[in-house]
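Have a look at the structure below, then the notes.
Residue numbers (my numbering): 37 to 143.
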């Protein structure tokens, strides 16, 4: 069973076969401080609807460090465009600025 790069996200057009370093799932588990069964579960069943990208290399299931990074970013909701929620003070300042600009524009 091979996981496609699209399993991490629709905008993920990465060819995992060209990525390095390659790691067996057991090596990846050791690197992340997890049990091998945990990493296998990430690959086969996923976590929070996201599967770890894997491929077969000589009959051995492997992944890559960049694939692990994408997996963790996806399950943690990381996005290059995600913004931190504004504080009440920031929100009130933005409202005041918008009202001031509207008054200046005569609206």
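Just so you know, even glycine gets a beta-carbon here, dropped at the ideal spot from N, CA and C. Here the structure is a predicted model, which is why all the values come from computation and not from measurement.
Among 78, 137, 128, the one whose alpha carbon lies nearest that of residue 108: 78
What does a CB cutoff of less than 7 Å around residue 52 pick up in its chain, not counting 5 residues either side in sequence? 41, 89, 91, 100, 103
DSSP three-state assignment for residue 130, whether helix, strand or coil: helix
Just to confirm my understanding: we take residue 71, look at its own chain, exclude 5 residues before and 5 after, and list those with CB closer than 8 Å. What are they? 65
Cβ neighbours of residue 62 in the same chain (closer than 7 Å, five flanking residues each side left out): 72
Tell me whether the beta-carbon of residue 93 lies closer than 9 Å to the beta-carbon of residue 58. yes
Are residue 111 and residue 136 closer than 9 Å when you measure CB to CB? no
Could you tell me which residues DSSP puts in a beta bridge with residue 92? 97
Among all the DSSP beta bridges, which residues are the ones paired with residue 86? 83
Looking only at its chain, what residues have a beta carbon closer than 8 Å to the beta carbon of residue 138, apart from the 5 residues adjacent to it on each side? none
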